[in-house]
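Data block below; observations after.
Protein chains: 2
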Amino acid sequence: MTKLILDLSISLDGFVAGPNQTLEAPLGEGGERLHEWVFALESWRKPHGLEGGERNVDGDVVQESVDATGAVVMGRRMFSGGAGRWADDPNADGWWGDNPPFHVPVFVLTHHARETEVKDGGTSFTFVTDGAEAALEQARAAAGDADVSLAGGADVARQYLQAGLLDEVQLHVVPVLLGAGGVRLFDGLEPPPIELESTRVIQSPSVTHLRYRVTRGVAP
Amino acid sequence: MTKLILDLSISLDGFVAGPNQTLEAPLGEGGERLHEWVFALESWRKPHGLEGGERNVDGDVVQESVDATGAVVMGRRMFSGGAGRWADDPNADGWWGDNPPFHVPVFVLTHHARETEVKDGGTSFTFVTDGAEAALEQARAAAGDADVSLAGGADVARQYLQAGLLDEVQLHVVPVLLGAGGVRLFDGLEPPPIELESTRVIQSPSVTHLRYRVTRGVAP
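Protein sequence lines correspond, in order, to chains A and B. For the first sequence, numbering that gives the first Met the number 0 gives the first residue as 0, with consecutive numbering after it. For the second sequence, numbering that gives the first Met the number 0 gives the first residue as 0, with consecutive numbering after it.
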């Protein structure tokens, strides 16, 4: 059964982006720090069209996600950039280039209908205007036996979590405190509490990979 | 060298207490959930004057902290209760009873001078009115070769962290999302980012123990 998995890098104080996001610094001040651990990995570089790179336990975790993913769901701002001009223009181009790193069908949640874009290397962007559940349904169909990866942003993640549609969460916890003003992954969740079950912990010098199964969501 | 160690249970979304703290529910809605893992442990029950209990990997982590702690620093609301009448009365009695679970000297940060209280079982409460650094100095002197435990609350923890006085952080991450309105451990921290180094991860079915060394604080 295809699962919906949220997979994100996060600071120890719970931020997925730093304060003051701009076009030049789309991850906010200090936000790049959350992804440093991944840039040198062979398993990250290869889907990004880059040669070489390191093989280590972090790389294995990334490769596992790459191998398991048959489709991706993301928010519109993650497709086209979260700051500046792009944030306000629903028809903005994606910022992922001609050969995006996904190499599977991507379903973009948006309020504005537009044509599917087929890119090189197996990536396509399909724009879904009838809500989170519909996007997930299309992604599941595209993924076949593989899983659906929920790529973000934080608001989209919260939407799926709160709707009880998220099956697993993998957080790559980076040992830094980004401080006030950033984008929190878990913000504005409504009680009652959502229970999870820890299924795995993998530790490296640069990041701690925490994996959870969502056992009791808000709905249903 | 005596270290200052912050040791707290925290939800996966970063809360140390749930929303709507009251006298009857001092940890807020769902807040008790953060401490369920500890109540059944022999190493927690013994200092609380309770018999029996389980021995397991979580218990070892707790025992390690008990053994290492030579003095405690806490905020005034943690001494006398964080909600209702107690929160507003700087002369309120402590809520720790005649034989508190600390069994070492405790230094309480407050704005109101009052006499030291000596309790049964080795616990004393000394009230420090000249700031966080002075309280730490007194606690260090009392701890001898042992460490100083920073018991909370969140505002006091932030104060020490931001002042560059915190040496280590141990977070017991409980797999629950408490949702909006609770008390966040890391809230209102001012940039620049604070770097930590992961020194240990211990995993059990009910909680993940993350231990960090603070490598670069804000000051100095």
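Don't be surprised by glycine CBs; every beta carbon is placed ideally from N, CA and C. Everything numeric in this text was worked out from a predicted model, so none of it was measured.
Over what stretch of residues does the alpha helix (DSSP H) that includes residue i continue unbroken?
{"i": "Met73 (chain B)", "result": "Met73 (chain B) -> not in any alpha helix (DSSP H); beta strand (DSSP E) instead, spanning 68 to 74."}
{"i": "Glu41 (chain A)", "result": "41 to 44"}
Distance check for residue j and residue i, CA to CA, integer angstroms please.
{"i": "Asp9 (chain B)", "j": "Val60 (chain B)", "result": "The question names Asp, but residue 9 (chain B) is Ile in the sequence shown. Using only the alpha carbons, I get a separation of about 15 Å."}
{"i": "Ala134 (chain B)", "j": "Leu108 (chain B)", "result": "7 Å"}
{"i": "Val103 (chain A)", "j": "Asp144 (chain B)", "result": "58 Å"}
{"i": "Val15 (chain B)", "j": "Leu170 (chain B)", "result": "10 Å"}
{"i": "Ala70 (chain A)", "j": "Leu26 (chain A)", "result": "24 Å"}
{"i": "Met73 (chain B)", "j": "Gly152 (chain B)", "result": "7 Å"}
{"i": "Pro18 (chain B)", "j": "Pro190 (chain A)", "result": "9 Å"}
{"i": "Arg223 (chain B)", "j": "Thr198 (chain B)", "result": "An answer regarding residue 223 (chain B) cannot be provided, because it is not within the stretch 0 to 219 covered by chain B."}
{"i": "Val182 (chain A)", "j": "Gly120 (chain B)", "result": "46 Å"}
{"i": "Ala131 (chain A)", "j": "Ala91 (chain A)", "result": "21 Å"}
{"i": "Thr68 (chain B)", "j": "Glu23 (chain B)", "result": "30 Å"}
{"i": "Arg44 (chain B)", "j": "Thr122 (chain B)", "result": "16 Å"}
{"i": "Val56 (chain B)", "j": "Ser148 (chain B)", "result": "20 Å"}
{"i": "Gly29 (chain B)", "j": "Leu160 (chain A)", "result": "18 Å"}
{"i": "Glu53 (chain A)", "j": "Gly13 (chain A)", "result": "27 Å"}
{"i": "Ala140 (chain A)", "j": "Gln62 (chain A)", "result": "23 Å"}
{"i": "Glu194 (chain B)", "j": "Ile4 (chain A)", "result": "28 Å"}
{"i": "Val298 (chain A)", "j": "Leu165 (chain B)", "result": "Because chain A spans 0 through 219 in this model, residue 298 (chain A) falls outside it and cannot be assessed."}
{"i": "Pro99 (chain A)", "j": "Gly93 (chain A)", "result": "10 Å"}
{"i": "Arg157 (chain A)", "j": "Ala179 (chain B)", "result": "12 Å"}
{"i": "Asp97 (chain B)", "j": "Val200 (chain B)", "result": "35 Å"}
{"i": "Ser64 (chain B)", "j": "Pro46 (chain B)", "result": "12 Å"}
{"i": "Leu209 (chain B)", "j": "Ser79 (chain A)", "result": "35 Å"}
{"i": "Thr236 (chain A)", "j": "Val155 (chain A)", "result": "Nothing can be reported for residue 236 (chain A): it is not among the residues displayed for chain A, which extend from 0 to 219."}
{"i": "Arg113 (chain B)", "j": "Ala150 (chain B)", "result": "20 Å"}
{"i": "Arg75 (chain A)", "j": "Arg75 (chain B)", "result": "46 Å"}
{"i": "Asp146 (chain B)", "j": "Asp146 (chain A)", "result": "47 Å"}
Let me know the secondary structure DSSP gives residue i once reduced to three states.
{"i": "Gln169 (chain A)", "result": "strand"}
{"i": "Asp144 (chain B)", "result": "coil"}
{"i": "Leu160 (chain A)", "result": "helix"}
{"i": "Leu33 (chain A)", "result": "helix"}
{"i": "Val103 (chain A)", "result": "coil"}
{"i": "Gly93 (chain A)", "result": "coil"}
{"i": "Leu108 (chain A)", "result": "strand"}
{"i": "Ala138 (chain B)", "result": "helix"}
{"i": "Glu116 (chain B)", "result": "strand"}
{"i": "Glu53 (chain B)", "result": "strand"}
{"i": "Ala179 (chain B)", "result": "coil"}
{"i": "Gly58 (chain B)", "result": "helix"}
Within the continuous beta strand (DSSP E) that includes residue i, where are the two ends?
{"i": "Leu3 (chain B)", "result": "3 to 10"}
{"i": "Gln20 (chain A)", "result": "Gln20 (chain A) -> no beta strand (DSSP E), and no H or E assigned at all."}
{"i": "Ser197 (chain B)", "result": "193 to 202"}
{"i": "Thr214 (chain A)", "result": "207 to 215"}
{"i": "Phe185 (chain A)", "result": "Neither: Phe185 (chain A) is in no beta strand (DSSP E) and is coded neither H nor E."}
{"i": "Thr122 (chain A)", "result": "Segment: none, Thr122 (chain A) is in no beta strand (DSSP E) and carries neither H nor E."}
Let me check understanding here. Comparing Cα to Cα, which of the options lies closest to residue i?
{"i": "Phe101 (chain A)", "options": "A:Val117, A:Ala91, A:Asp92, A:Asn90", "result": "A:Val117"}
{"i": "Glu196 (chain B)", "options": "B:Gly180, B:Leu209, B:Thr214, B:Ser79", "result": "B:Thr214"}
{"i": "Trp95 (chain A)", "options": "A:Gly48, A:Ile193, A:Arg157", "result": "A:Gly48"}
{"i": "Val105 (chain A)", "options": "A:Ala138, A:Ala131, A:Asp119", "result": "A:Ala138"}
{"i": "Met77 (chain B)", "options": "B:Gln20, B:Ala67, B:Glu132, B:Glu63", "result": "B:Gln20"}
{"i": "Ala142 (chain A)", "options": "A:Gly58, A:Gly13, A:Asp66", "result": "A:Asp66"}
{"i": "Glu50 (chain A)", "options": "A:Glu114, A:Val56, A:Ser42", "result": "A:Ser42"}
{"i": "Val37 (chain B)", "options": "B:Val200, B:Leu7, B:Gly13", "result": "B:Leu7"}
{"i": "Lys2 (chain A)", "options": "A:Asp12, A:Ile193, A:Gly163, A:Val182", "result": "A:Gly163"}
{"i": "Leu40 (chain A)", "options": "A:Gly58, A:Pro46, A:Glu167", "result": "A:Gly58"}
{"i": "Pro192 (chain A)", "options": "B:Leu11, B:Leu5, B:Glu167", "result": "B:Leu11"}
{"i": "Met0 (chain A)", "options": "A:Asn98, A:Gly13, A:Glu136, A:Thr115", "result": "A:Glu136"}
(message) Count Cβ pairs between the stretch 181 to 188 of chain B and the stretch 196 to 209 of chain B that sit closer than 8 Å; are there 3 or more?
(response) no
(request) Please determine if the stretch 119 to 139 of chain A and the stretch 91 to 109 of chain A are in contact, where contact requires at least 3 C-beta pairs separated by less than 8 Å. (result) yes
(request) Inspect the CB distances between the stretch 170 to 178 of chain B and the stretch 25 to 38 of chain B and report whether three or more fall short of 8 Å. (result) yes
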